[in-house]
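Before any comments, here is the structure.
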Amino acid sequence: DGALRDALSIFDRLATFCQRNITMAKAAEVLNVLDYEQYLNMASLCFDNKISEALVSLDEIIRRGFSPHIFIGGMGNHFRDLMMSQHPQTLLLIEASEHTKQRFREESARWTPQQLVDAVEICNHADINYKSSKNPRLTVEIALMQLCSLTAAGESALKKKSS
Numbered sequence: 012d013g014a015l016r017d018a019l020s021i022f023d024r025l026a027t028f029c030q031r032n033i034t035m036a037k038a039a040e041v042l043n044v045l046d047y048e049q050y051l052n053m054a055s056l057c058f059d060n061k062i063s064e065a066l067v068s069l070d071e072i073i074r075r076g077f078s079p080h081i082f083i084g085g086m087g088n089h090f091r092d093l094m095m096s097q098h099p100q101t102l103l104l105i106e107a108s109e110h111t112k113q114r115f116r117e118e119s120a121r122w123t124p125q126q127l128v129d130a131v132e133i134c135n136h137a138d139i140n141y142k143s144s145k146n147p148r149l150t151v152e153i154a155l156m157q158l159c160s161l162t163a164a165g166e167s168a169l170k171k172k173s174s
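Whatever position you read off the sequence shown (first residue = 1), add 11 for the working numbering.
Right, here's the structure in full:
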């Protein structure tokens, strides 16, 4: 009974605030949740080595009331999903709509498997060290800077080889 009552309450809130036109974006805004789109955008910023923009985006997420700890855990899951979407066999392990899985496939094509493994490890390391850090936000910001540097490291290595 309690779960059904909660679900009806959430639906009523969505119907009221979305003026009966409920979309994923509006639902995420009303319920104040981080959705796949925000993680896809952040992963894109990381791939493009846009450290400043990624840090500003993180600050906006924190200002909206989200914990940096929740964010970095979500980024780790997101990079895991990108890794899973690179292979048809593991695509089934992703709990998302077909549309979202397609978006994951498109984004994951930009990354090498090793970059995605490194990204998951960076996020996991920040997640583990978050609570013991004297400056937990800095822990997440450093992880984000490392994520934004994953593809830049490959570019600089290629430049060194060609010179």
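Cβ atoms here follow ideal geometry from the backbone N, Cα and C, with glycine treated the same way.
Per DSSP, Q97 lies in no alpha helix (DSSP H) segment and is marked neither H nor E. Residue nearest to T162 within the set N60, L25 and R31 is N60 (criterion: CA-CA distance).
If you draw a straight line from the Cα of M95 to the Cα of E48, it is about 17 Å long. The Cβ atoms of F77 and A130 lie no closer than 7 Å to each other.
Counting only the Cα atoms, Y141 lies some 20 Å from A54. When rounded, the separation of the alpha-carbon atoms in C159 and I139 is 20 Å. Between E118 and L155, the gap from beta carbon to beta carbon reaches 7 Å or more.
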